[in-house]
Amino acid sequence: MKYVKKLQGPRVYLSPMCAQDAQRYYEWVNDPAVTDGVGTTANVISLEGEQRWLAENSDDYQFAIVLQEQDRLIGNCGIKEIDWKRRCGEVGLFIGSEADRGKGYGKEVLRLLLGYCFETLNLHNVELHVFSFNARAIAAYKSVGFREAGRRREAYFLHGAWHDELAMDILQQEWMTQVR
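Going by this note's numbering, 107 is the number at position 93 of the sequence shown; the sequence numbering is gapless.
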């Protein structure tokens, strides 16, 4: 088995990324259905570029999202911009295939990431960024405890319109109150 169950939820688990998945990631990071939501639509990423990214980031806090019952890769998530002195970090994720979206996997991934951030890494504040048109993601983020912390107006131009970028965050004590 190429995946390792580093963080395990009821339906998904998070595993260190595998170099063998570069082709699948390459397809996703060039798919407008994915890139529109994460703000990388203008990027063109080669297979070699994706292989390089996997090699450079596989030892960081980047994870493959894997469906438990099928051991099937469905997306990617991670923790970045960790400031150990201030105990802050930023999370992000995407579910690659449309068929796997809208099933609550993203919420489950967020719960796993937040548990890891607050209970293992002892971070105090975790943030994320999302575009104002992504109502489904915003609802998922709010459902696990994120609150809007700020808004950068008209920060992203997509399909002929400007969209705001929301900063959302959650504090360690808010998370700990939730999980008790």
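Where is the CB? At the ideal position from N, CA and C, for every residue including glycine.
Computed from a prediction, not measured in an experiment: that's the story for all the values here.
### Task
Note down, in chain order, each residue of its chain lying with its Cβ closer than 8 Å to the Cβ of Glu162, except the 5 sequence neighbours on either side.
Leu180, Ala181 and Met182
### Message
Within the continuous alpha helix (DSSP H) that includes Glu122, where are the two ends?
### Response
Tyr119 to Gly129
### Query
Which full runs of the beta strand (DSSP E) of 3+ residues lie inside the segment 147-187, going along the chain?
161-172 and 175-185
### Message
So if DSSP puts Leu142 in a beta bridge, which residue, or which two residues, is it bridged to?
### Response
Met182
### Rounded C-alpha distance that separates Trp67 from Leu21
22 Å
### Task
Could you name the residues that DSSP lists as bridge partners for Ile79?
Leu28 and Gly89
### Query
When you compare only the Cα positions, how much space is there between Leu81 and Asn90?
12 Å
#### Entry: Own chain partners of Ala33 with C-beta closer than 6 Å, once the 5 adjacent residues on each side are dropped
Leu68
### Task
Go ahead and pull the three-state DSSP assignment for Gly18.
According to the sequence displayed, residue 18 carries Val and not Gly. Coil at Val18, not helix or strand.
### Query
Taking 6 Å as the cut-off, is the CB of Arg165 close to at least one heavy atom of the ligand NAD?
With respect to the ligand NAD, the structure shown offers nothing to examine, as it has no ligands at all.
#### Entry: Assumed close pair Gly110, Val26 - CB separation to whole angstroms, cut-off 8 Å
Not quite, the Cβ-Cβ distance comes to about 13 Å (not below 8 Å), so this is no contact.
### Message
On the CB-based measure, 16 or more other CB atoms within 10 Å of its CB, does Gly118 come out buried or exposed?
### Response
exposed
### Query
Starting from Glu104 and walking both ways along the alpha helix (DSSP H), at which residues does that stretch end?
That residue, Glu104, is in no alpha helix (DSSP H); its beta strand (DSSP E) goes Cys102 to Ile109.
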